[in-house]
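Residue 820 is where the sequence shown starts when you use my numbering, and the numbers rise one by one after that. Here the structure comes first, spelled out in structure tokens, and everything after it is commentary.
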Amino acid sequence: IGFDGGGNQCFPEHLAFSASYGLYQLNLNNGSWATLLPPTDSFPGYGVRFSSTGRRYAVNLNGITVADLRSGDLVQIDTSGVMDLLWSPDGRHLAYSVANCNESGWVQSAAVFVWDSSTNQTQEIFSIATEKILLYPEVWIDNSTLRVSVEKPTVTHPLYEIYDFDIASGSLILWGTATPSP
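Below, the structure written as structure tokens:
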């Protein structure tokens, strides 16, 4: 599904979208299938991310729902304003960003959290309460080092800063600016 949102940083929830999609599991042995996520026609729809191990997926539904495909267990993470989800390479940690947006669709505050599947605990990695600055979990450097991207709007194009965090110690490892492409 493709779409062009344009405009501000946050998509207002009242927008309509004409497509619908869901998530289904197909049994290759007998051809049967099961609905994991029912079809939705809300904009922008589900944000589904599978762990690299294939064992779990996370979806921005009722906050965040994490489903274990092996056990069938569901975990609810109580949050709102989910912007992005990113699994660690070993599938143990789920990083996610949230944003509090105003009625015009601009970010008022943002934060990045990491949920640990082995302890079912969530820790805040980074937060900022500055208008129009957006945070994203960009990439896992390894199983315990997360790079967070900070997007700052300008008149011509956004400027980016990056922060690397060691989630085990909760400490900042590296800070720098990302060079914009020409």
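Built from N, CA and C at the ideal position, the CB exists for glycine as well.
If you run the structure through DSSP and keep just helix, strand and coil, what is residue i?
i, result
"I947", "strand"
"T898", "coil"
"S928", "strand"
"G841", "strand"
"D823", "Residue placement at D823 is flagged as unreliable, the pLDDT there being 46, under the threshold of 50; the coordinate-derived value follows with that caveat. Coil at D823, not helix or strand."
"N848", "coil"
"E778", "What is shown of the chain runs 820 to 1001, which leaves residue 778 out entirely."
"I992", "strand"
"Y876", "strand"
"D909", "coil"
"D892", "coil"
"N919", "strand"
"T941", "strand"
Of the residues the options, which one's Cα is nearest the Cα of residue i?
i, options, result
"R868", "I883, Y979, T854", "I883"
"P858", "A987, L880, S963", "L880"
"C920", "D897, L953, Q844", "L953"
"W925", "L913, P908, T949, D909", "T949"
"E970", "Q895, V931, Q844, E943", "V931"
"I944", "L888, L991, I896", "L991"
"N962", "S936, S946, P977, S890", "S936"
"I947", "A929, E957, I960", "A929"
"D983", "T973, P977, P972, T964", "T964"
"L905", "V894, R875, E922, D892", "R875"
Give the straight-line distance between the Cα atoms of residue i and residue j, rounded to the nearest whole angstrom.
i, j, result
"T854", "G841", "8 Å"
"V901", "Y915", "7 Å"
"V885", "T975", "38 Å"
"L913", "N846", "27 Å"
"S870", "V933", "14 Å"
"S968", "G850", "42 Å"
"E1040", "I986", "Lying before the first or after the last residue shown, residue 1040 is absent from the chain, which here runs from 820 to 1001."
"T941", "D909", "17 Å"
"Q927", "S899", "14 Å"
If you follow the beta strand (DSSP E) that residue i is part of, which residue opens it and which one closes it?
i, result
"Y979", "978 to 985"
"I883", "883 to 887"
"V969", "964 to 971"
"V974", "Where V974 is concerned, there is no enclosing beta strand (DSSP E), given that its DSSP letter is neither H nor E."
Ordered along the chain, which non-local residues of its own chain (more than five positions away) have a Cβ less than 8 Å from that of residue i?
i, result
"W852", "Y843, Q844, L845, N846"
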